[in-house]
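Asker: One structure is given below, represented as structure tokens, and several questions about it will come after.
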Amino acid sequence: MRVFEVREQFGNCLELVSMDPNFHNITVGLFIKNDILTVWSYSKIEGVKSRLNTIRDKMVELGGLKSMDKDFKLKVPKGYFIERPLRFLFTQSVEKDPGFKFDNGPISASDNKTRLSFNIRGENKNDNYVYVVSTTGEHERPIIRIRAVVGGFVKYGECIKLNDESFCFKDKKQHDEYVRILLPYARNVSAVENMITTSEQTGQMNTQTLGFSQ
Amino acid sequence: MKTMTKKERVLNALNRQEVDRPPVANPTSVATVEMMDLVDAPFPEACRSAELNARLAATEITEFDFDSIAPYFSIIQESSAIGCDMQWEQKDNWPTVRMSNPIWQSASDVKVPKDFLEHKTRKLLLIRLRF
Chain H
1 MRVFEVREQF
11 GNCLELVSMD
21 PNFHNITVGL
31 FIKNDILTVW
41 SYSKIEGVKS
51 RLNTIRDKMV
61 ELGGLKSMDK
71 DFKLKVPKGY
81 FIERPLRFLF
91 TQSVEKDPGF
101 KFDNGPISAS
111 DNKTRLSFNI
121 RGENKNDNYV
131 YVVSTTGEHE
141 RPIIRIRAVV
151 GGFVKYGECI
161 KLNDESFCFK
171 DKKQHDEYVR
181 ILLPYARNVS
191 AVENMITTSE
201 QTGQMNTQTL
211 GFSQ
Chain U
1001 MKTMTKKERV
1011 LNALNRQEVD
1021 RPPVANPTSV
1031 ATVEMMDLVD
1041 APFPEACRSA
1051 ELNARLAATE
1061 ITEFDFDSIA
1071 PYFSIIQESS
1081 AIGCDMQWEQ
1091 KDNWPTVRMS
1101 NPIWQSASDV
1111 KVPKDFLEHK
1121 TRKLLLIRLR
1131 F
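Chains H and U, in that order, are what the protein sequence lines are. Each residue of the first sequence is one higher than the one before, starting from 1 at the first, in our numbering. Each residue of the second sequence is one higher than the one before, starting from 1001 at the first, in our numbering.
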């Protein structure tokens, strides 16, 4: 397909992975038009169609999205279009080992700045699905780290902060898949911001990269 | 006014003459990872092979329809031909010269290798312009 056909048929590119480590370093993009997502690559390498469908299926499995009958396509259920977690979900679906699965148990992750572990529990309160962050482990003031995690969910999940320890999504619904995806990013926003900036600058030609490295 | 060729349009604009429409002239190269996939000409190979380089550069016309293009990528061909220590990078980044490992310490060290024009990266620049 030509570039203009891809834009016309699939819409805007929401996220791009420059090199798929699990399939010949092809470039894979996630496109969106209305509420239909398309996983697409311009590569014509043999097996690419199967690979794109595998990525699509992984997004469905990890992110709670709906697969469609057509190749490479999936649908965003109402309330599930939250850009940043969708982009993280796509990146993980491409870059993680194809056999990767989230643990279905309680949502938790260790803090990479302290010896704490974060635990996130959700519950319905007055038609609002509220996620509460707590910690296990030793720290003088765990609330500082909890507050940071809640801030991370506000930043990356477009969540609403309810208090220092809890948040909900904009549609007030349950989105455990997104919480699992976002927690590793939400726990360390500054490092993630650096990672995103570095990633965005890769391949940009500017006066710093104009043919000469240090 | 009759429709101009791309060349006429760009040259007329540069000479401050009439044009059928403003040219879309790109003074620098366009290399995207997606176009590398489309024509199977990825970096860094496309910086070392005349054919791959030409194939990738052609997407600036076939896909983006620029009126003029820069048919070369990066500015490292001469550095490579001179013998600089190169960091060729991978598909998603530009090749660079490792400045931390200079091959010359002073002006007296500067020598242009005898095979400079025949070096594959230098030759590439000459060959691909014929494509």
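Glycine included, each C-beta is placed from N, C-alpha and C at the ideal position.
(1) Tell me the rounded alpha-carbon separation between residue 60 of chain H and residue 74 of chain H.
(2) With 16 as the cutoff for other CB atoms within 10 Å, does residue 1110 of chain U come out buried or exposed?
(3) What in chain H is Cβ-close to residue 1146 of chain U, meaning under 7 Å?
(4) The alpha helix (DSSP H) with residue 185 of chain H in it runs from where to where?
(5) Quick one: is residue 2 of chain H buried, meaning 16 or more other Cβ sit within 10 Å of its Cβ, or exposed?
(6) For the beta strand (DSSP E) that contains residue 80 of chain H, what are its first and last residues?
(7) Where DSSP assigns a beta bridge to residue 40 of chain H, which residues make up the other side?
(8) Which of helix, strand or coil does DSSP assign to residue 159 of chain H?
(9) Spell out a yes or no on whether the segment 191-207 of chain H and the segment 1084-1093 of chain U are touching, meaning 3 or more CB-CB pairs, one atom from each, closer than 8 Å.
(10) Check whether chain H comes within 8 Å of residue 1026 of chain U, counting only Cβ atoms and requiring the distance to be less than that.
(11) Quick one: list the residues of chain H neighbouring residue 1053 of chain U, beta-carbon separation under 9 Å, in chain order.
(12) Should residue 1003 of chain U be labelled buried (16 or more other beta-carbon atoms within 10 Å of its own) or exposed?
(13) What residue from H:99, H:98, H:100 and H:121 has the CA that sits closest to residue 108 of chain H's CA?
(14) What residues in its chain sit with their C-beta under 7 Å from that of residue 188 of chain H, if we drop five residues either side in the sequence?
(15) According to DSSP, simplified to helix, strand and coil, what is residue 1131 of chain U?
(16) Decide if the segment 79-97 of chain H is in contact with the segment 123-142 of chain H; the criterion is three or more beta carbon pairs, one per stretch, under 8 Å apart.
(17) For the ligand HEM, is there a heavy atom less than 7 Å away from the beta-carbon of residue 140 of chain H?
(18) In whole angstroms, what is the alpha-carbon distance linking residue 115 of chain H and residue 165 of chain H?
(19) Strictly by DSSP, which residues pair up with residue 1087 of chain U?
(20) If we ignore side chains and look at the alpha-carbon of each, how far apart do residue 1043 of chain U and residue 1103 of chain U end up?
(21) Using a Cβ cut-off of 8 Å, which residues of the segment 1102-1113 of chain U contact any Cβ in chain H, in chain order?
(22) Could you please give the first and the last residue of the uninterrupted alpha helix (DSSP H) stretch that includes residue 1061 of chain U?
(23) Going by C-alpha distance, which of H:56, H:30, H:66 and H:8 is nearest residue 18 of chain H?
(24) Please name the residue in H:36, H:43, H:57 and H:39 whose C-alpha comes closest to that of residue 1038 of chain U.
(25) How would you list, in chain order, the residues of chain U whose beta-carbon sits under 8 Å from the beta-carbon of residue 19 of chain H?
(26) Cβ closer than 7 Å: which chain H residues qualify as neighbours of residue 1063 of chain U?
(27) State the CB to CB distance for the pair residue 1065 of chain U and residue 1009 of chain U, rounded to an integer number of angstroms; the pair is presumed to be in contact (CB under 8 Å).
(28) From the DSSP output, which residues share a beta bridge with residue 13 of chain H?
(29) Is there contact here, the segment 176-185 of chain H with the segment 76-93 of chain H, by at least three beta-carbon pairs under 8 Å?
(30) Take residue 13 of chain H and list the residues in its own chain whose beta-carbon comes closer than 6 Å to its own, dropping the five residues that flank it on each side.
(31) Return the CA-CA distance between residue 1083 of chain U and residue 1108 of chain U, expressed in angstroms with no decimal places.
(32) Does the segment 185-199 of chain H come close enough to the segment 148-157 of chain H that 3 or more CB-CB pairs lie under 8 Å?
(33) Would you decide whether residue 1132 of chain U is buried or exposed? Buried here means 16 or more other CB atoms lie within 10 Å of its CB.
Answerer: Concretely, from the data shown:
(1) Each residue's alpha carbon lies about 8 Å from the other.
(2) Burial call: exposed.
(3) Since the displayed chain U opens at 1001 and closes at 1131, residue 1146 of chain U lies outside it and no answer follows.
(4) Annotation: the continuous alpha helix (DSSP H) that includes residue 185 of chain H extends over 176-186.
(5) Burial call: exposed.
(6) For residue 80 of chain H, no beta strand (DSSP E) encloses it, and the DSSP letter there is neither H nor E.
(7) For residue 40 of chain H, which the question treats as bridged, DSSP gives the partners H:29.
(8) Assignment of residue 159 of chain H by DSSP, reduced to helix, strand and coil, places it in the coil class.
(9) Proximity of the segment 191-207 of chain H to the segment 1084-1093 of chain U meets the contact definition, three or more beta-carbon pairs being nearer than 8 Å.
(10) With respect to chain H, the C-beta atom of residue 1026 of chain U has no partner C-beta closer than 8 Å.
(11) Within 9 Å of the CB of residue 1053 of chain U, no CB atom of chain H is found; the nearest one sits about 16 Å away.
(12) It is exposed - the Cβ of residue 1003 of chain U has fewer than 16 other Cβ atoms within 10 Å.
(13) In terms of Cα proximity to residue 108 of chain H, the closest of H:99, H:98, H:100 and H:121 is H:121.
(14) Shown here for residue 188 of chain H: same chain residues with a beta carbon closer than 7 Å to its own, the five before and five after excluded, namely 112 and 113 in chain order.
(15) For residue 1131 of chain U, the predicted model reports a pLDDT of 49, less than 50, meaning its position is unreliable; a value from the coordinates is still stated below. It is coil, neither helix nor strand.
(16) Contact between the segment 79-97 of chain H and the segment 123-142 of chain H is absent, because fewer than three Cβ pairs lie under 8 Å.
(17) In terms of ligand content, the structure shown is empty, and the ligand HEM therefore cannot be addressed.
(18) Whole-angstrom Cα-Cα distance: 18 Å.
(19) In the DSSP assignment, residue 1087 of chain U forms a beta bridge with U:1096.
(20) So the alpha carbons of these two residues sit roughly 24 Å apart.
(21) Within the segment 1102-1113 of chain U, no residue qualifies.
(22) 1050-1062 is the span of the alpha helix (DSSP H), which, as asked, contains residue 1061 of chain U.
(23) Checked all of H:56, H:30, H:66 and H:8; the closest Cα to residue 18 of chain H is H:30.
(24) Nearest option by C-alpha distance: H:43.
(25) Near residue 19 of chain H (Cβ distances below 8 Å), the residues of chain U are 1033, 1090, 1091 and 1092.
(26) Within chain H, the residues whose beta carbon sits less than 7 Å from that of residue 1063 of chain U are 2 and 3, listed in sequence order.
(27) In fact, because the Cβ distance is near 12 Å, the residues do not count as touching under 8 Å.
(28) In DSSP, residue 13 of chain H forms a bridge with H:31.
(29) These segments touch.
(30) Only residues of its own chain outside the window of five on either side were considered, and among them 29 and 31 have a CB closer than 6 Å to the CB of residue 13 of chain H, listed in chain order.
(31) The alpha-carbon of residue 1083 of chain U is positioned some 16 Å away from that of residue 1108 of chain U.
(32) Touching, yes, given that three or more Cβ pairs across the two stretches are closer than 8 Å.
(33) What is shown of chain U runs 1001 to 1131, which leaves residue 1132 of chain U out entirely.
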